[in-house]
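Spelled out as structure tokens, the structure:
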């Protein structure tokens, strides 16, 4: 339990109770509440005024790696334009692709353009490293 010592000078009795409750309510909250996308980027965060984070979240999305997907991603963007969103945080390799299309899901787009999902890419990379002579000493 947190206690606040506040004087009533200049605040009045009613405000003192409000301030005491306010200080007790915010004490010990060092990190924000956030909604993050699969890349780890914040989509929404609470503020000092509102103790909740609210956002419209598109769940029709998937992570893919740029390796061997560059040309396919360009072709997908050329075909679907604003109906597909590609988010590149930089410095990582993976990108988030999301369907903004009313009737075509991201799974359908991935199949149409033969994109390799990030999990499959990572599994393939790990398997490659385990082959004799492939792993660095």
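Residue numbers (the working numbering): 4 to 140.
All C-beta atoms, glycine included, are put in the ideal place defined by N, C-alpha and C.
DSSP places residue 121 inside the alpha helix (DSSP H), whose first and last residues are 121-132. With a 10 Å radius around the Cβ and a threshold of 16 neighbouring Cβ atoms, residue 68 comes out buried. Of the candidates 48, 130 and 34, the residue whose Cα lies closest to the Cα of residue 59 is 48. Going by DSSP, residue 66 is part of no alpha helix (DSSP H) but of the beta strand (DSSP E) stretching over 64-68. Residue 137 sits in coil when the DSSP states are folded into three classes, being neither helix nor strand.
Per DSSP, residue 102 lies in no alpha helix (DSSP H) segment; the continuous beta strand (DSSP E) that holds it begins and ends at 97-102. When the beta-carbon positions are compared, residue 103 and residue 86 come within less than 7 Å of each other. Residue 91 and residue 119 have their alpha carbons spaced roughly 16 Å apart. In summary, residue 94 is exposed, with fewer than 16 beta-carbon neighbours lying within 10 Å of its beta-carbon over all protein chains present. The way I'd put it, the segment 73-87 does touch the segment 117-133; three or more beta-carbon pairs between them come closer than 8 Å.
Residue 99 and residue 66 do touch by the CB rule: their CB atoms are close to 6 Å apart, below 8 Å. Listed in chain order, the non-local C-beta contacts of residue 96 below 8 Å within the same chain comprise 68, 69 and 70, local neighbours out to five positions each way being set aside. Residue pairing for residue 60: DSSP places it in no beta bridge.
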